[in-house]
Structures are given as C-alpha cells and as structure tokens.
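Working notes for the structure below.
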Amino acid sequence: AGRVRYLYKDLAPGPHTIRLKAWDTYNNSAEGTVDFIAEQSAQLALEHVLNYPNPFSNITTFHFDHSRPGSELDVQVQIFTVAGRLVKTLRTTIPVSTSHVPSTLQDGTLSWNGRDDYNDQLARGVYVYRVSVRTPDGQAATKFEKLVLLN
9 AGRVRYLYKD
19 LAPGPHTIRL
29 KAWDTYNNSA
39 EGTVDFIAEQ
49 SAQLALEHVL
59 NYPNPFSNIT
69 TFHFDHSRPG
79 SELDVQVQIF
89 TVAGRLVKTL
99 RTTIPVSTSH
109 VPSTLQDGTL
119 SWNGRDDYND
129 QLARGVYVYR
139 VSVRTPDGQA
149 ATKFEKLVLL
159 N
C-alpha cells in the first residue's frame, strides 16, 4: 500500500483524467484511472485553524487548511492579550503551499515559544491569535482562535 501526492499548479479548468501505473518489488503491475473536474481558482478560505499543543508550556505550532493549494501564501500570525494588546507577530512566505500548513514549512516559522516581540516571557493565561493569509492576486482570509499558555 502506498500513496502518491502530486500538486498540479495552474491546471486548466475542465475535465481531466489521471492514469497511474505502479509496480511492486516482484514486478507485478497495476493500473488505475481517475476522472476529475478542475474548477476555477477558489476564493481563499481558511479552515481548521488551530495551534498544537494547546494548552502549551514551551512551544506551540500554528496549523490551518486553506483552499488555494499550489499558491504562494503570505502568512501572518498575531498574538494578543485578552485585553487586545498585540504581543507577538510571526510572518512567513510559503512559495508553493499544500492545502495544509505548516506541512510545507521546514524552518518552524509558524511555531511560538510564548515570548513577546521583545523576547520577554509572557504570563500564563489565555491569549487570542489571528491568522491572516494573502495570495499574490490579492485574495485574503483571516481567522481568530484562542490559546492557553501554561509556563
């Protein structure tokens, strides 16, 4: 058993067919075909926005799913106190994204250690964060969630 993932960037809208042939270690082959319809680029949308672990003590990583796989994404995560004061901003650009972030990131730029923009440790408690995503064609989406810092 196995899985193949291949991201088609800029696939023309309309009906398409994928044909795949694979061999096992005994040179037995199998072939399969999948018919699908590619739609026009979807409006950017965010789903399943979360940080894990939550609550956390040392480090947490922000995750989300989006509707524009294959697109470059500018991502910003802003963390606020419950009073609304901005305490930390994380930014990264993802050149070609899969539909789940941060699976495409290698440098951990969507991870947070519980420190503010001045590298001071924040107090334990509840914080609100905003994930903002923008594509090169100007589409944008934003979601808010809560996290708990334990220290």
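Sequential numbering of the sequence shown, starting at 9, is according to the working numbering. By construction, the Cβ of each residue, glycine as well, lies at the ideal position given by its N, Cα and C atoms. Remember, it's a predicted structure, so these values are computed and weren't measured experimentally.
Taking 8 Å as the CB-CB limit, is residue i close to chain E?
i: Trp120; result: As a matter of chain content, chain E is missing from the structure shown, which is built from one protein chain.
Do residue j and residue i have their beta-carbon atoms positioned less than 8 Å apart in this structure?
i: Leu130; j: Asp124; result: yes
i: Thr68; j: Leu158; result: no
i: Val83; j: Val104; result: no
i: Lys151; j: Val139; result: yes
i: Gly78; j: Ala46; result: no
i: His71; j: Leu52; result: no
i: Leu98; j: Trp120; result: yes
With which residues is residue i paired in a DSSP beta bridge?
i: Gln129; result: Arg123
i: Asp73; result: Glu55 and His108
i: Thr41; result: Arg27
i: Ala149; result: Val141
i: Ala46; result: Gly22
i: Tyr14; result: Tyr14 pairs with nothing; no bridge assigned.
i: Tyr60; result: Thr69
Who are the near neighbours of residue i in its chain, counting only those whose CB is closer than 6 Å to its CB and skipping five residues on each side?
i: Pro144; result: Glu80
i: Val42; result: Ile26
i: Pro73; result: Just to set this straight, residue 73 is Asp in the shown sequence, not Pro. Glu55, His56, Ser107 and His108, listed in sequence order.
i: Tyr16; result: none
i: Leu28; result: Gly40
I think residue i touches residue j, with their Cβ atoms under 8 Å apart; what is that distance to the nearest whole Å?
i: Arg11; j: Ala50; result: That belief does not hold up - the Cβ atoms of Arg11 and Ala50 are roughly 23 Å apart, past 8 Å.
i: Leu54; j: Val141; result: 6 Å
i: Ala30; j: Ala20; result: Incorrect: roughly 26 Å between the Cβ atoms, too far for contact.
Let's test the definition: count the other Cβ atoms within 10 Å of the Cβ of residue i and tell me whether it reaches 16, buried, or not, exposed.
i: Lys96; result: buried
i: Ala149; result: buried
i: Asn127; result: exposed
i: Gly122; result: buried
Tell me which same chain residues have a C-beta within less than 8 Å of the C-beta of residue i, skipping the five on either side of it?
i: Pro3; result: Since the first residue of the chain shown is 9 and the last is 159, residue 3 is not available in this structure.
i: Val90; result: Gly133, Val134, Tyr135 and Val136
i: Thr101; result: Glu80, Leu81, Asp82 and Val83
i: His24; result: Asp43, Phe44, Ile45 and Ala46
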